[in-house]
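First comes the structure, then the notes that go with it.
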Amino acid sequence: MADSNSSSSSNSCQEEEKFTGASTSSHNPVFKKKDEEVLLQAFRYVVQVPGKMIRGKLAQAFNYWMKIPEEKLTAISEIIFMLHNASLLIDDIEDGSMLRRGLPVAHNIYGVPSTINTANYVYFVGLQKTLALDHPQAVNVFCEQLLELHRGQGLDIYWRDSYTCPTEEQYRTMTIRKTGGLFGLAIRLMQLFSDCKSNFTALTDLLGLYFQIRDDYANLCIESYSKSKSYCEDLTEGKFSFPVIHAITSRPHCHQVINILRQRPKDNEIKRYCVSLLEKYGSLAYTQQTLNQIYDQAMAEIERLGGNPLLEKILDSLKCKTPGHDSNSPDKTVRTEDSNRINPASTNCAGKTDKADDLELVGSATSKSKRPFEFCSENGDHHSLLTKRKQSTSEEDSEEKV
């Protein structure tokens with residue numbers, strides 16, 4: 001999923017060199033580079049540890065179809081890189097996050113006012129660079145997609161802060177706007193300079209959904225995720241993520257999950273218990289099923305558009321097909337099994353005994369899954385997701401750690 005340490009460091013240097021800052025005009029006095037560097041401190045901080053660089057890779061992959069000049073692709077990739085990382089600075093403030101890519105969030109280093117100003121400044125540098133693309137429709141595309149991004153983000157924040165659980169359909173629409181906003185911006189800007197006029201909207205929508213739902217699952221269930229973010233951070237934030245929405249809407253008379261969400265829990269035992277409820281209610285399995293469906297739909301859309309080996313490779317790298325993994329790897333641990341002190345299957349929402357189905361890792365010897373859904377960790381290890389199997393008659397089996 002993520003690059004190695006050496007390649008990450010190299011990518012970071014390349015991206016920093018690529019970010020040239022804002023240009024000045026005859027209407028304004030020259031802004032000294034050293035002063036701009038002061039403005040960009042929070043931005044430089046967040047990009048020092050590169051993420052998965054997925055948006056840049058997607059732009060390269062879509063150019064398999066669009067074949068735009070290299071200089072335009074580089075310029076558009078830089079715009080997306082800047083906007084994405086600037087949005088992370090704002091997201092971390094809005095979400096009250098503590099970690100980003102394994103480091104303290106920027107606003108806890110540089111302060112909230114300075115970090116907000118930095119993010120806004122980089123947004124406008126991105127707009128200036130969009131103007132420099134020298135296409136009459138470029139700024140219009142920029143504004144449309146940034147508006148969509150903020151509409152989606154605004155709804156996400158409203159639901160969280162008003163304790164309003166959206167429907168799955170509302171969540172999907174919000175995600176297409178929020179997560180798909182920058183995907184759409186990159187593709188639409190590229191098409192301005194391409195002879196390829198295929199409609200990529202359905203594909204970018206599917207990609208936005210896939211990455212966000214996948215991120216929702218990883219935040220709750222993949223142990224290595226807490227190395228770059230706080231443990232089950234979405235629960236502490238009070239976020240209505242995809243598994244949480246399923247748990248609440250599929251069991252409207254059970255209020256434990258939404259009550260825990262209202263508490264903005266910081267205690268790991270409470271968060272483990274909440275994840276165990278999501279497991280028990282089938283919300284994690286439903287999330288797996290949904291991800292597999294979206295994956296298949298995306299692959300079918302790629303085929304309909306004529307095939308794209310680069311894009312297929314990106315999707316395959318996010319959904320590893322190899323079922324085996326190192327049994328000694330600590331990253332394979334699934335969070336719901338971290339605590340022996342909580343038995344989530346023992347009580348239902350009314351507090352009565354309610355034996356839940358046992359669970360096992362996809363790809364194990366007894367798994368019947370034809371298409372295991374797995375994550376790759378940053379170091380290349382495989383993380384299998386959970387799938388249901390028949391309830392064991394052995395109490396020891398029912399409490400076995402995966």
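By the count of the UniProt record's numbering, the sequence shown reaches residue 402 at its end, each step adding exactly one.
Glycine residues also receive a C-beta, built at the ideal position from the N, C-alpha and C atoms.
(request) Report the rounded CA-to-CA distance for residue 31 versus residue 46, giving the unit in angstroms. (result) By one-based count along the sequence shown, residue 31 stands at place 31. By one-based count along the sequence shown, residue 46 stands at place 46. In a straight line, the C-alpha of residue 31 is about 23 Å away from that of residue 46.
(request) State whether the stretch 153-166 contacts the stretch 48-64, with contact taken as three or more CB pairs (one from each stretch) at a distance under 8 Å. (result) no
(message) Let's test the definition: count the other Cβ atoms within 10 Å of the Cβ of residue 264 and tell me whether it reaches 16, buried, or not, exposed.
(response) To locate residue 264, count along the sequence shown from 1; it is residue 264. Counting other Cβ atoms within 10 Å of its Cβ, residue 264 stays below 16 and is therefore classed as exposed.
(message) Which residue marks the beginning of the alpha helix (DSSP H) containing residue 172, and which one marks its end?
(response) As a position in the sequence shown, residue 172 is number 172, starting the count at 1. Start and end: 168-178.
(request) Give, in chain order, every unbroken run of the alpha helix (DSSP H) that is at least 4 residues long and sits entirely within the stretch 41-71. (result) 41-47 and 54-66
(message) Between the alpha carbons of residue 234 and residue 207, how many angstroms are there, rounded?
(response) Along the sequence shown, read from residue 1 onward, the residue named residue 234 stands at position 234. Along the sequence shown, read from residue 1 onward, the residue named residue 207 stands at position 207. The alpha-carbon atoms of residue 234 and residue 207 are separated by roughly 21 Å.
(message) Measuring only the C-alpha atoms, how far is residue 318 from residue 29?
(response) Here residue 318 corresponds to residue number 318 of the sequence shown, with the count starting at 1. Here residue 29 corresponds to residue number 29 of the sequence shown, with the count starting at 1. Taking the straight line joining both Cα atoms gives about 47 Å.
(message) Going by DSSP in three states, residue 192 sits in which element: helix, strand or coil?
(response) Numbered from 1 along the sequence shown, position 192 holds the residue referred to as residue 192. Annotated three-state conformation of residue 192 is coil, per DSSP.
(request) Return the chain-ordered list of same chain residues with a C-beta closer than 6 Å to the C-beta of residue 126, the five sequence neighbours on each side being excluded. (result) As a working mapping, residue 126 is identified with position 126 in the sequence shown. Correct list, in chain order: 79, 82 and 83.
(request) Please state whether DSSP places residue 104 in a helix, a strand or coil. (result) Numbered from its first residue, the sequence shown carries residue 104 at position 104. Looking at residue 104 - three-state DSSP - the assignment turns out to be strand.
(message) I'd like to check one pair, residue 129 with residue 156: are the Cβ atoms closer than 8 Å?
(response) For the purposes of this step, residue 156 is taken as the residue at position 156 of the sequence shown. For the purposes of this step, residue 129 is taken as the residue at position 129 of the sequence shown. No, they are not a contact pair.
(message) Let's test the definition: count the other Cβ atoms within 10 Å of the Cβ of residue 304 and tell me whether it reaches 16, buried, or not, exposed.
(response) Numbered from 1 along the sequence shown, position 304 holds the residue referred to as residue 304. That one is exposed.
(request) With DSSP collapsed to three states, give me the class of residue 83. (result) For the purposes of this step, residue 83 is identified with residue 83 of the sequence shown, where counting begins at 1. Helix, per DSSP.
(request) Note down, in chain order, each residue of its chain lying with its Cβ closer than 8 Å to the Cβ of residue 119, except the 5 sequence neighbours on either side. (result) Reading the sequence shown from its first residue, position 119 is the one you call residue 119. The residues are 42, 43, 86, 87, 89 and 90.
(message) Quick check on residue 262: buried or exposed, where buried means 16 or more other Cβ atoms within 10 Å of its Cβ?
(response) Along the sequence shown, read from residue 1 onward, the residue named residue 262 stands at position 262. Residue 262 is exposed by the Cβ-count criterion.
(message) So, with DSSP's three-state summary, where would you put residue 99?
(response) Taking the sequence shown and counting its residues from 1, one reaches residue 99 at position 99. Residue state, collapsed to three classes: strand.
(request) Would you kindly work out how many angstroms separate the C-alpha atoms of residue 74 and residue 218, rounded to a whole number? (result) The count along the sequence shown starts at 1 and reaches residue 74 at position 74. The count along the sequence shown starts at 1 and reaches residue 218 at position 218. Between residue 74 and residue 218, the C-alpha separation is close to 31 Å.
(request) With a 10 Å radius around its C-beta and 16 neighbouring C-beta atoms as the bar for buried, classify residue 51 as buried or exposed. (result) If you number the sequence shown from 1, residue 51 lands on position 51. Residue 51 is buried by the Cβ-count criterion.
(request) Go ahead and label residue 147 buried or exposed: buried means 16 or more other beta carbons lie within 10 angstroms of its beta carbon, across all protein chains shown. (result) Taking the sequence shown and counting its residues from 1, one reaches residue 147 at position 147. Exposed.
(request) Give the straight-line distance between the Cα atoms of residue 123 and residue 306, rounded to the nearest whole angstrom. (result) Taking the sequence shown and counting its residues from 1, the one referred to as residue 123 is at position 123. Taking the sequence shown and counting its residues from 1, the one referred to as residue 306 is at position 306. Going by the C-alpha atoms only, they are around 35 Å apart.
(message) Rounding to the nearest angstrom, what Cα-Cα distance links residue 98 and residue 132 in this structure?
(response) Along the sequence shown, one-based indexing puts residue 98 at 98. Along the sequence shown, one-based indexing puts residue 132 at 132. Cα-Cα distance, rounded: 36 Å.
(message) Just to confirm, is the Cβ distance from residue 182 to residue 272 under 8 Å?
(response) Position 182 of the sequence shown, counted from the first residue, corresponds to residue 182. Position 272 of the sequence shown, counted from the first residue, corresponds to residue 272. Not in contact: residue 182 and residue 272 (Cβ atoms no closer than 8 Å).
(request) Just the C-alpha distance for residue 277 and residue 291, rounded to the nearest angstrom, thanks. (result) Taking the first residue of the sequence shown as position 1, residue 277 is located at position 277. Taking the first residue of the sequence shown as position 1, residue 291 is located at position 291. The straight-line gap from Cα to Cα measures roughly 20 Å.
(request) Whole angstroms is fine: what's the gap from residue 255's alpha carbon to residue 170's? (result) Here residue 255 refers to the residue found at position 255 of the sequence shown. Here residue 170 refers to the residue found at position 170 of the sequence shown. Across the structure, residue 255 and residue 170 are spaced so that their CA atoms are roughly 21 Å apart.
(request) Can you grab the Cα-Cα spacing for the pair residue 168 / residue 96, in whole Å? (result) If you number the sequence shown from 1, residue 168 lands on position 168. If you number the sequence shown from 1, residue 96 lands on position 96. Cα to Cα, the separation comes out at about 25 Å.
(message) Quick check: what's the CA-CA separation for residue 110 versus residue 239?
(response) For the purposes of this step, residue 110 is taken as the residue at position 110 of the sequence shown. For the purposes of this step, residue 239 is taken as the residue at position 239 of the sequence shown. Spanning the two alpha carbons is a distance of roughly 25 Å.
(message) For residue 259 and residue 236, I'd like the C-alpha separation in whole angstroms.
(response) By 1-based counting over the sequence shown, the position of residue 259 is 259. By 1-based counting over the sequence shown, the position of residue 236 is 236. Approximately 12 Å, taken between the alpha carbons.
(request) Just the C-alpha distance for residue 145 and residue 187, rounded to the nearest angstrom, thanks. (result) Within the sequence shown, residue 145 is the residue found at index 145, counting from 1. Within the sequence shown, residue 187 is the residue found at index 187, counting from 1. The straight-line gap from Cα to Cα measures roughly 11 Å.
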